[in-house]
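In the order they appear, the protein sequences are chains Z and W.
Residue 1 in my numbering sits at position 1 of the first sequence, and the numbers go up by one each step.
Residue 121 in my numbering sits at position 121 of the second sequence, and the numbers go up by one each step.
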Amino acid sequence: MNTDDRALCDALAADLDGNFEHLVISWQDRLYRFALRVSGSPSDAEEIAQDAFVRCYRALQGYMPDRIRALSLRAWLYRITLNVARNRLRRRTPPGEELGEHAAGTPDPGMLAVRAERVRDLQQALTLLPEVPRAAVVLRYVEELSYGEIAGVLGIPEGTARSHVHRGLRTLRELMTEEVTA
Amino acid sequence: MTIEEMLAEMRQVTAPADLLPAVMRRVLPADAYFPLESPLGTVYVAYNQRGVTRVSLAASPEEFETRYRAETGRRALPAEDAALQAAVRAHLAGQESTVPFDLDRVTPFEREVLHTALRIPRGQVRPYNWIAREMGRPGASRAVGTALAHNPIPLLIPCHRVVRADGTIGQYSLGGPDAKRRLLQWEGALFA
Numbered sequence: 001m002n003t004d005d006r007a008l009c010d011a012l013a014a015d016l017d018g019n020f021e022h023l024v025i026s027w028q029d030r031l032y033r034f035a036l037r038v039s040g041s042p043s044d045a046e047e048i049a050q051d052a053f054v055r056c057y058r059a060l061q062g063y064m065p066d067r068i069r070a071l072s073l074r075a076w077l078y079r080i081t082l083n084v085a086r087n088r089l090r091r092r093t094p095p096g097e098e099l100g101e102h103a104a105g106t107p108d109p110g111m112l113a114v115r116a117e118r119v120r121d122l123q124q125a126l127t128l129l130p131e132v133p134r135a136a137v138v139l140r141y142v143e144e145l146s147y148g149e150i151a152g153v154l155g156i157p158e159g160t161a162r163s164h165v166h167r168g169l170r171t172l173r174e175l176m177t178e179e180v181t182a
Numbered sequence: 001m002t003i004e005e006m007l008a009e010m011r012q013v014t015a016p017a018d019l020l021p022a023v024m025r026r027v028l029p030a031d032a033y034f035p036l037e038s039p040l041g042t043v044y045v046a047y048n049q050r051g052v053t054r055v056s057l058a059a060s061p062e063e064f065e066t067r068y069r070a071e072t073g074r075r076a077l078p079a080e081d082a083a084l085q086a087a088v089r090a091h092l093a094g095q096e097s098t099v100p101f102d103l104d105r106v107t108p109f110e111r112e113v114l115h116t117a118l119r120i121p122r123g124q125v126r127p128y129n130w131i132a133r134e135m136g137r138p139g140a141s142r143a144v145g146t147a148l149a150h151n152p153i154p155l156l157i158p159c160h161r162v163v164r165a166d167g168t169i170g171q172y173s174l175g176g177p178d179a180k181r182r183l184l185q186w187e188g189a190l191f192a
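Rendered as C-alpha cells:
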C-alpha cells in the first residue's frame, strides 16, 4: 500500500471523526469514477459513491484501531463501492440513455467531441459486459489496480481475475468493432 | 487506437462538488446548540445527550457552527430545549445547578480542575493555587492555569472566578481580561 493510504489509515485509527473528511477528499474522484464506469450513469454513480463512503464510515466505527491500521485501504474501498453498485444496479433496469459526458475545458472542440463520443461508445459497450468482467476491466485499465488487488476486490483467485479481464477486453474489442463497422 | 488506450481515456473524471458535503452531512454526528444572551453578548451553548459540550462567543450562528465543526469534528444544529435553557439561566443566576456537562473530551486532570472550579460560588473568586490545593496538588498551579485556559465550557464552568494570587485578574478565554472583569462585576464579586 502506498504511504498516503498508510498515513490515512493511521490517522483514521487515531481519530475517525477528525480524519474521515481526508479520506473522502483523497478518494472521492477515484470511487466516483469507478462507480460511473461500472454503472454507466452519473446520477447513479453519485449515489453509489455517497452510499459507499457512508458504509465505510459505519464499518470503521465498528473496527478496533489495530484493524483500521492493518486495512488494505485501496482494495477495501473498491470492494465496498462495488458491493453498493451491485446492490443498486440489480434493482434497476440496465442504463442506456443517461450517458452524458461533460468534457472539461475547450481547447479544441472538435477533438474533444470525437474523444467524448469515443468514451461514450466505450461506456455503452462496458455496460453490456456482465458484472464481474466489467468491474475487472475497469479496475485494471481505468483504476490501474494489479491483478492481485483486483482478486482481493472481487473475492476471487488471481488467475480468475486475470481471465475475467482478458475475456472482458476481448468482448469490448468485438463490441467496439461491430459498432464501427455497423 | 487500442481498447486499453481508450479505457485510459475514461480516467478523466472528477467527483461532483456535492459529494463531499453530502457524505459529511450523513456521517458526522451532530450536537445541538442554542444562543444565550449573557453579559458578554450572545454566546452559543452546544450540547449532546450527555450534557453541555461547549460555550463559545461568535458573531453569528454560522460562525459558531463552522468553529464547532473545526474544533470538535462534529456538526452543531440549532435546537430548542426549554428545560436545558431554563437550567442554564438558573445556573448563571447562581441558583443550584442542574446543568449536565459532557467533559468526555478533556483529560482527567482538566476535568478535575473544572469540577473544582464549579464549586466556587457566584460572587466570589479564588486564586489558581486554591484549586491546586483543593485537588491535593499544591504545586500544580501552572497546570491548573493551563487547564482553565482550555475550559471548553467557559461562563457555565466559572473559570472566570479564578484569579491570580496577587489579586490581578488574569487571562480569560471568552474575550480577555476586560470580559472577565465585566463578568465578575455582574456577578457581584468584590472588585473595584
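By construction, the Cβ of each residue, glycine as well, lies at the ideal position given by its N, Cα and C atoms.
The beta strand (DSSP E) enclosing residue i, as first and last residue numbers
| i | result |
| --- | --- |
| residue 55/W | 52-57 |
| residue 75/W | 75-78 |
| residue 36/W | 30-38 |
| residue 45/W | 41-47 |
Rounded separation between residue i and residue j - CA only
| i | j | result |
| --- | --- | --- |
| residue 75/Z | residue 61/W | 41 Å |
| residue 18/Z | residue 91/W | 32 Å |
| residue 102/Z | residue 126/Z | Summary for residue 102/Z: the model assigns pLDDT 47, below 50, so the residue's position carries little reliability; its value from the coordinates is reported in the next sentence. For residue 102/Z and residue 126/Z, the distance between alpha carbons rounds to 18 Å. |
| residue 145/W | residue 86/W | 30 Å |
| residue 1/W | residue 64/Z | 48 Å |
| residue 100/W | residue 88/W | 9 Å |
| residue 24/W | residue 21/Z | 7 Å |
| residue 36/Z | residue 66/W | 32 Å |
| residue 78/W | residue 90/Z | 40 Å |
| residue 155/Z | residue 136/Z | 11 Å |
| residue 119/W | residue 52/Z | 49 Å |
| residue 161/W | residue 30/Z | 54 Å |
| residue 157/Z | residue 17/W | 37 Å |
| residue 54/W | residue 126/W | 23 Å |
| residue 49/W | residue 136/W | 32 Å |
| residue 47/W | residue 71/Z | 34 Å |
| residue 4/Z | residue 118/Z | 33 Å |
| residue 107/W | residue 45/W | 21 Å |
| residue 48/Z | residue 85/Z | 6 Å |
| residue 152/W | residue 40/Z | 49 Å |
| residue 142/W | residue 115/W | 17 Å |
| residue 11/W | residue 42/Z | 14 Å |
| residue 38/Z | residue 138/Z | 7 Å |
| residue 62/Z | residue 92/Z | 31 Å |
| residue 8/W | residue 170/Z | 16 Å |
Run of the alpha helix (DSSP H) containing residue i, from where it starts to where it stops
| i | result |
| --- | --- |
| residue 34/Z | 16-39 |
| residue 179/W | 176-187 |
| residue 78/Z | 73-90 |
| residue 125/W | Unbroken run through residue 125/W: none, as it is neither H nor E. |
| residue 50/Z | 42-62 |
| residue 66/Z | 65-69 |
| residue 103/W | Element bounds for residue 103/W: n/a, residue is neither H nor E. |
| residue 60/W | Where residue 60/W is concerned, there is no enclosing alpha helix (DSSP H), given that its DSSP letter is neither H nor E. |
| residue 6/W | 3-8 |
| residue 145/W | 141-149 |
| residue 91/W | 82-92 |
| residue 147/Z | 147-154 |
| residue 155/W | Run containing residue 155/W: none; DSSP gives neither H nor E here. |
| residue 165/W | Counting along the chain, residue 165/W falls outside any alpha helix (DSSP H), and DSSP gives it neither H nor E. |
| residue 25/W | 19-27 |
| residue 139/Z | 131-141 |
Sub-8 Å separation of residue i and residue j beta-carbons
| i | j | result |
| --- | --- | --- |
| residue 68/Z | residue 60/Z | yes |
| residue 158/W | residue 174/W | no |
| residue 161/Z | residue 147/Z | yes |
| residue 36/W | residue 179/W | no |
| residue 15/W | residue 124/Z | no |
| residue 24/Z | residue 20/W | yes |
| residue 259/W | residue 189/W | The structure shown does not extend to residue 259/W, since chain W is modelled only from 1 to 192, so the question has no answer here. |
| residue 172/Z | residue 129/Z | yes |
| residue 102/W | residue 52/W | yes |
| residue 50/Z | residue 22/W | yes |
| residue 64/W | residue 70/W | no |
Residues near residue i by beta carbon distance below 6 Å, same chain, minus five either side
| i | result |
| --- | --- |
| residue 79/Z | 153 |
| residue 147/W | 110, 113 |
| residue 97/W | 91 |
Per-residue contacts from residue i into chain C (C-beta, under 8 Å)
| i | result |
| --- | --- |
| residue 6/W | Absent from the structure is chain C; the protein chains it does hold are Z and W. |
Presumed contact (8 Å Cβ cut-off) between residue i and residue j, rounded CB distance
| i | j | result |
| --- | --- | --- |
| residue 105/W | residue 28/W | At roughly 15 Å, the Cβ-Cβ gap does not stay under 8 Å, so residue 105/W and residue 28/W are not in contact. |
| residue 46/Z | residue 32/Z | 7 Å |
| residue 132/Z | residue 164/Z | 6 Å |
| residue 129/W | residue 165/W | 6 Å |
| residue 34/Z | residue 143/Z | 6 Å |
beta-carbon residue i near the ligand HEM non-hydrogen atom, thresh 7 Å
| i | result |
| --- | --- |
| residue 62/Z | This structure simply doesn't include the ligand HEM, nor any ligand for that matter. |
Beta-carbon proximity list for residue i, same chain, < 7 Å, skipping 5 on both sides
| i | result |
| --- | --- |
| residue 149/Z | 74, 75 |
| residue 169/W | 163, 177, 180, 181 |
| residue 183/W | 39, 40, 160 |
| residue 167/Z | 133 |
| residue 131/W | 113, 116, 117, 144, 162 |
| residue 172/W | 160, 179, 180 |
Own chain partners of residue i with C-beta closer than 8 Å, once the 5 adjacent residues on each side are dropped
| i | result |
| --- | --- |
| residue 10/Z | 69 |
| residue 176/Z | 121, 122, 125 |
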